[in-house]
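Chemist: Read top to bottom, the protein sequences are chains A and B. Quick note on my numbering: the first sequence kicks off at 12 and runs consecutively. Quick note on my numbering: the second sequence kicks off at 200 and runs consecutively.
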Amino acid sequence: MWVIALLKRDFKVAGRNITAISLPLIFLLICATLFPLATNADVAFLARCGTPVILLSVLLASQLSLENIFKDDLENATIDQMLLSARPLSIIMLIRSFIHWLTTMLPMICVSPIVALTYGLNKVEILSLLIALFLTTPVLVLIGVLGSAILAGTKQGNILVAIIVLPLYIPIMIFAGDVTARAKIGAPVSTHFFIMGALLFLALALIPFAASLAIKQATKYE
Amino acid sequence: MQNTLLKCLKYLRFIVAIATIVTLTLGAIRWYNMDMSNANPAMRPEFLPLHVPVAASSLMIYLAMGLCGILTLLRLSYFAALGRAMSIVGVFLAFITLVSGSIWGRTTWGIWWSWDARLTTMLILFFLYLGYIAASHAFDNPVRRDQSVALLGLVGACLVPVIYFSTLWWNSLHQKGGTVMPDEIKAAFLLMLFGIMFWSIWMILLNFEAELKADTQMNKMKAIFEEPNKES
């Protein structure tokens, strides 16, 4: 029961922060618009690099909202209350990650097919991009939650989180990029999806524990 | 406790320094006189005794940092300072690996850089080191700094093999490890490997001592500032 209550509470708090939801979305759109302007908007070239651009825009946009994950809750001591409640902190971290994915990543996933159409991608490519995004973005969120938990409450905050977190994105990004490259030439991609799923479950299993360890440090010493 | 540790470190450092000088001198002599008639001259094997030991040391130091992270998370003292001392040496070695490797690549493959598995892993390792160092300067509270940075090092060390295997998906220009090395090169290579490892340990010990001294200085300052508050 407490899980559902916490889900509702987190969703309400995240849903009220309209800027935090819309900012990554707008960033994604602007990023994807700037790219053709920076090149010569050659149709074949855009079709070739559409999916990587969308993947990278989503990745960069996800960095914008990382600061908000724990900032307010640390300041008004909600995290301390959660610690006192004696519920497993790893589950609390998992719920927090899920809500963060729901409010920042899902809107971006919904918009990405439209962006993909402007780059002239075909149906198969858009479908593979969508599946890749659905498998990639939870990992991005989980790693981001870990990074922002480690650095929660420090002065430099956001930019430092990005520096720490971006190298850790590499394994999942490689497979996501390869999926789209293979979809382009019509090669089978299911193996890649399985590996990405494996990485996702690895992150799901391990990162909540590491994040709870980090957030405990943050409440204890700041 | 700390004074005895510092004294022991001094002796250890002296021994390691001598070992470094001996192995590096012998290694440099063997390296200079290396007979490369058996090796393929197009591969430019004269780079090998520098590039490979430096790369191996840099990788191993990151894994050792992860180990230090585990020990720090288990609340053993001194290992956090050791981890910080390692990160500076590691980032230097990673940088040297990238530079020497790209010069070697220019002479054999004709290009400065290729997005190959090993090169990319090394570059990512360099970034991981930078993130670790940046994070270790971000915290005000030393206890939290030690614990959080230890966690970060541990996560990074766990991810290094994953990053390596995922980057292997690309085609590789890089020379495969484990190919048979002519004896002449092997002698120089092994001497240089030990030399660079001893050198790393020497530098790590130097840094470690400095970190310990800085910590004691910090504690002294804190004691001075906090005492009046206690009385009042």
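Every residue, glycine too, gets a C-beta built ideally from N, C-alpha and C. Predicted model only: the values in this text are computed from it and were never measured.
1) By the criterion of Cβ-Cβ separation under 7 Å, what are the contact partners of residue 178/A in chain B?
2) Looking at C-beta atoms only, is the number of pairs between the region 104-115 of chain A and the region 24-37 of chain A that lie closer than 8 Å three or more?
3) I'd like to know whether the C-beta of residue 409/B is nearer than 8 Å to at least one C-beta of chain D.
4) I'd like the list of long-range same chain contacts for residue 456/B, defined as Cβ closer than 6 Å, with 5 residues on each side in sequence excluded.
5) Evaluate residue 74/A with the Cβ neighbour count: other Cβ atoms within 10 Å of its Cβ, from every protein chain shown; 16 or more gives buried, anything less gives exposed.
6) Three or more C-beta pairs closer than 8 Å, one from the region 312-331 of chain B and one from the region 140-150 of chain A: is that the case here?
7) When you compare each of 202/A, 177/A and 179/A to residue 189/A by their alpha carbons, which one comes out closest?
8) Taking all protein chains shown into account, decide if residue 172/A is buried (16 or more other Cβ within 10 angstroms of its Cβ) or exposed.
9) Contact between the region 344-355 of chain B and the region 296-315 of chain B is defined here as three or more beta-carbon pairs at a separation below 8 Å; is this criterion met?
10) Return the CA-CA distance between residue 347/B and residue 158/A, expressed in angstroms with no decimal places.
11) Residue range of the alpha helix (DSSP H) that residue 98/A falls in?
12) Would you say residue 359/B reaches chain A, if we count a Cβ-Cβ gap shorter than 8 Å as a contact?
13) To which residues of the same chain is residue 65/A closer than 7 Å at the C-beta, ignoring the five residues directly before and after it?
14) Could you tell me which chain B residues have their CB closer than 7 Å to the CB of residue 167/A, listed as they occur along the chain?
15) Taking CB distances under 8 Å as the criterion, tell me whether residue 218/B reaches chain A.
16) Nearest CA to the CA of residue 70/A: which residue from 17/A, 89/A and 178/A?
17) Mapping DSSP to helix, strand and coil, what is residue 339/B?
Modeler: In short:
1) 323, 326, 327 and 330
2) yes
3) Given the protein chain composition of this structure (A and B), no chain D is represented.
4) Examination of residue 456/B is not possible in this model, given that chain B is present from 200 through 431 alone.
5) buried
6) no
7) Restricting attention to 202/A, 177/A and 179/A, the CA atom closest to the CA of residue 189/A is found in 202/A.
8) buried
9) no
10) 10 Å
11) That residue, residue 98/A, is in no alpha helix (DSSP H); it is neither H nor E in DSSP.
12) no
13) 43, 123, 126, 127 and 140
14) 337
15) no
16) 178/A
17) It is coil, neither helix nor strand.
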